[in-house]
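Since the structure comes first, as structure tokens, the remarks are kept for the end.
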Amino acid sequence: AQKVTQAQTEISVVEKEDVTLDCVYETRDTTYYLFWYKQPPSGELVFLIRRNSFDEQNEISGRYSWNFQKSTSSFNFTITASQVVDSAVYFCALSEPASSNTGKLIFGQGTTLQVKP
Amino acid sequence: GAVVSQHPSWVICKSGTSVKIECRSLDFQATTMFWYRQFPKQSLMLMATSNEGSKATYEQGVEKDKFLINHASLTLSTLTVTSAHPEDSSFYICSASALEGGKLFFGSGTQLSVL
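Those protein sequence lines, which keep their order, are chains A and B. If you use our numbering, the first sequence corresponds to residues 1171 to 1287, in order. If you use our numbering, the second sequence corresponds to residues 2 to 116, in order.
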């Protein structure tokens, strides 16, 4: 069965600190997508990244970076020099096989990040 | 970029009434849309997969007679919560898959409060 685990329920940091959000997944599929979404207090889901299971290159986008380790089934998300506006709930998600392209996602429980000024 | 519009953003209704939530893909066609439910401080749980022109596929434990899904066109899916009860109060969010690239786009969600 597919499963996504975000062990950190809540994280609190002070502005400008770096913070890493952990994500561990389980799947028997060899092809899949991994996602990170941000959910601010307003509720909408903001797409951050999608990673194909065949692409293990780490990715950096501004202050955001992602570390995909297939050997440990982890897809961790790091925010560098955090800001108050980064405060939100962050979800890691896993999709069904990429070939089906169905977009059906299994979400982790989410990590609430609070960045204090 | 692709946009998914969800309406209404919030709704308050009396117990026993029905509520319809719309999900539209504004600048792309979506043969498949998805409906999720999120209880406070919890994760999103997939309720059903909505396929254009055919019956929706419901996840285990989701009552299809209570949560009616219609996907009449390539840009519109609706979720109707029939005879709503307070335990149906939740945040409902839809998503649509763009055919190219497999990207998923989410609507802004609907907060349903049943009194």
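Cβ atoms here follow ideal geometry from the backbone N, Cα and C, with glycine treated the same way. The structure presented is a predicted model; accordingly, all values stated were derived computationally and were not measured.
Next on the checklist: Let's see if you can read the secondary structure: which residues bound the beta strand (DSSP E) around phenylalanine 1217 of chain A?
Outcome noted: 1216-1222
Next on the checklist: Looking at chain B, is there any beta carbon in it that lies within less than 9 Å of the beta carbon of glutamate 1214 of chain A?
Outcome noted: At least one chain B Cβ lies under 9 Å of glutamate 1214 of chain A.
Item to check | Beta-carbon separation (whole angstroms), glutamine 1209 of chain A vs valine 1259 of chain A, contact threshold 8 Å | outcome: 4 Å
Checklist entry - So which residues of chain A does isoleucine 94 of chain B contact, with C-beta pairs closer than 7 Å? => result Leu1215
Next on the checklist: I'd like to know if tyrosine 1260 of chain A contacts chain B, where contact means its C-beta is closer than 9 Å to some C-beta of that chain.
Outcome noted: no
Checklist entry - In whole angstroms, what separates the C-alpha of asparagine 1237 of chain A from that of leucine 113 of chain B? => result 37 Å
Next on the checklist: Buried or exposed for leucine 116 of chain B, going by 16 or more other Cβ atoms inside 10 Å?
Outcome noted: exposed
Next on the checklist: Bridge partners for phenylalanine 40 of chain B per DSSP, in chain order?
Outcome noted: DSSP output for phenylalanine 40 of chain B lists no bridge partner at all.
Item to check | Top-ranked residue by Cα proximity to aspartate 1225 of chain A, from A:Tyr1207, A:Arg1233, A:Ser1235 and A:Tyr1202 | outcome: A:Tyr1202
Next on the checklist: Less than 6 Å between C-beta atoms, sequence neighbours within five positions excluded: which residues of the same chain meet that for leucine 45 of chain B?
Outcome noted: Tyr37 and Gln39
Checklist entry - For the beta strand (DSSP E) that valine 63 of chain B lies in, which residues bound it at each end? => result Annotation: valine 63 of chain B is outside any beta strand (DSSP E) and is labelled neither H nor E by DSSP.
Next on the checklist: What does DSSP give as the partner residue(s) for glutamine 1161 of chain A in the beta ladder?
Outcome noted: Lying outside 1171 to 1287, the shown extent of chain A, residue 1161 of chain A is not represented and no answer is given.
Next on the checklist: Comparing C-alpha positions only, which one of A:Thr1282, A:Gly1278, A:Cys1193 and A:Thr1248 sits nearest to glycine 1232 of chain A?
Outcome noted: A:Thr1248
Next on the checklist: Just checking: is the beta-carbon of leucine 1275 of chain A within a distance shorter than 9 Å of some beta-carbon in chain B?
Outcome noted: yes
Next on the checklist: What would DSSP say about serine 1269 of chain A, mapped onto helix, strand or coil?
Outcome noted: Residue placement at serine 1269 of chain A is flagged as unreliable, the pLDDT there being 46, under the threshold of 50; the coordinate-derived value follows with that caveat. Looking at serine 1269 of chain A - three-state DSSP - the assignment turns out to be coil, as it is neither helix nor strand.
Checklist entry - Could one say the Cβ of serine 109 of chain B lies closer than 9 Å to chain A's Cβ atoms, at least one of them? => result By this cut-off, serine 109 of chain B is an interface position.
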